[in-house]
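**Student:**
Listed below in structure tokens is the structure:
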């Protein structure tokens, strides 16, 4: 499900609504997804958030890397050597959407300096900001926008061949009513079809 954000952070980021960036996003339990993240007028969405929200609990943080394909420290050092008078803002815009860079600079997260003026401490802080951004969601948008649901009938209570309840012969469960949650990419559809096929075969065989 998409994440909603606390009002102060939401107000800061609303100008980014519609901006999408590659990312990795990690839950507190260590689960990580590498997918696109989408800024919305309510908070954060996109495949990365839709995946990780199944592993997030209220009150917890998620950690976002906005540059999963770039070693930012090395990139900045290389660019400094080649273009010392280039602005930090323009340099980062080579790797990130311009709107995102401008927003972060307005929020004071990106110094208004040239590369040769960027000191070691500020560079380290910048790298951490962009590659280990800790976000505490306010909540989710709920069932209305959910891709899948969690929970359901315990699979240990069912026959894996027929989907029949072990303790109630003649009672079958299939699809999302079971405690099976797939990742994005058609896995939940496939589970629904496969479990239905297994159940139907069992019923036909009598």
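In the UniProt record's numbering, the protein residues as written are 1 to 206.
Backbone N, C-alpha and C define an ideal beta-carbon position, used for all residues, glycine too.
Among 126, 91, 184 and 173, which residue has its Cα nearest to the Cα of residue 194?
**Tutor:** The shortest Cα separation from residue 194 among 126, 91, 184 and 173 belongs to 173.
**Student:** DSSP three-state call for residue 200: helix, strand or coil?
**Tutor:** In this structure, residue 200 counts as helix in the three-state DSSP scheme.
**Student:** Please say whether residue 34 and residue 2 have beta carbons closer to each other than 7 Å?
**Tutor:** Cβ atoms of residue 2 and residue 34: not closer than 7 Å.
**Student:** Take residue 53 as the anchor and find which of 201, 141 and 186 has the nearest alpha-carbon.
**Tutor:** That would be 141, whose Cα lies nearest to the Cα of residue 53.
**Student:** Could you tell me if residue 55 is buried or exposed, where buried requires 16 or more neighbouring beta carbons within 10 angstroms of its beta carbon?
**Tutor:** Buried, because 16 or more other Cβ atoms sit within 10 Å of the Cβ of residue 55.
**Student:** Output the residue ranges of the beta strand (DSSP E) runs that lie fully inside the segment 101-189 and measure 3 residues or longer, sorted by chain position.
**Tutor:** Entirely contained in the segment 101-189, the beta strand (DSSP E) runs reaching 3 residues are, in chain order, 133-135.
**Student:** Throw me the rounded Cβ distance for the residue 191 and residue 175 pair, which I believe falls under 8 Å.
**Tutor:** Rounded, the Cβ-Cβ distance is 7 Å, consistent with contact.
**Student:** Taking residue 44 as the reference, which of 134, 111 and 30 has the closest Cα?
**Tutor:** Per the Cα distances, 134.
**Student:** Only counting the same chain, and skipping five residues up and downstream in sequence, which positions put a Cβ closer than 7 Å to that of residue 46?
**Tutor:** Once the five neighbours on either side are set aside, the close Cβ partners of residue 46 are 20, 35, 36, 37 and 38.
**Student:** Measure the C-alpha to C-alpha separation of residue 178 and residue 155 and round it to an integer number of angstroms.
**Tutor:** Answer to the nearest angstrom: the Cα atoms are 7 Å apart.
**Student:** Distance, Cα to Cα, residue 27 vs residue 4?
**Tutor:** Spanning the two alpha carbons is a distance of roughly 16 Å.
**Student:** For the beta strand (DSSP E) that residue 38 lies in, which residues bound it at each end?
**Tutor:** Where residue 38 is concerned, the enclosing beta strand (DSSP E) stretches over 32-39.
**Student:** Since residue 17 and residue 41 should fall inside the 8 Å C-beta cutoff, what is the C-beta to C-beta distance between them, to a whole number of angstroms?
**Tutor:** The pair is a contact, with the Cβ atoms about 4 Å apart (cut-off 8 Å).
**Student:** Look at the alpha carbon of residue 171 and the alpha carbon of residue 180, and state the distance between them as a whole number of angstroms.
**Tutor:** Using only the alpha carbons, I get a separation of about 18 Å.
**Student:** Which residues mark the beginning and the end of the alpha helix (DSSP H) in which residue 97 is found?
**Tutor:** Note, residue 97: premise wrong, no alpha helix (DSSP H); not H, not E.
**Student:** Taking C-alpha atoms, which residue in 185, 74, 31 and 202 lies nearest to residue 57?
**Tutor:** Of 185, 74, 31 and 202, the residue nearest in Cα terms is 31.
**Student:** Could you compute how far the alpha carbon of residue 158 sits from the alpha carbon of residue 50?
**Tutor:** The straight-line gap from Cα to Cα measures roughly 28 Å.
**Student:** If you count every other CB in all the chains shown that lies within 10 Å of the CB of residue 131, and 16 or more means buried, which is it?
**Tutor:** By the neighbour-count rule (16 or more Cβ atoms within 10 Å), residue 131 is buried.
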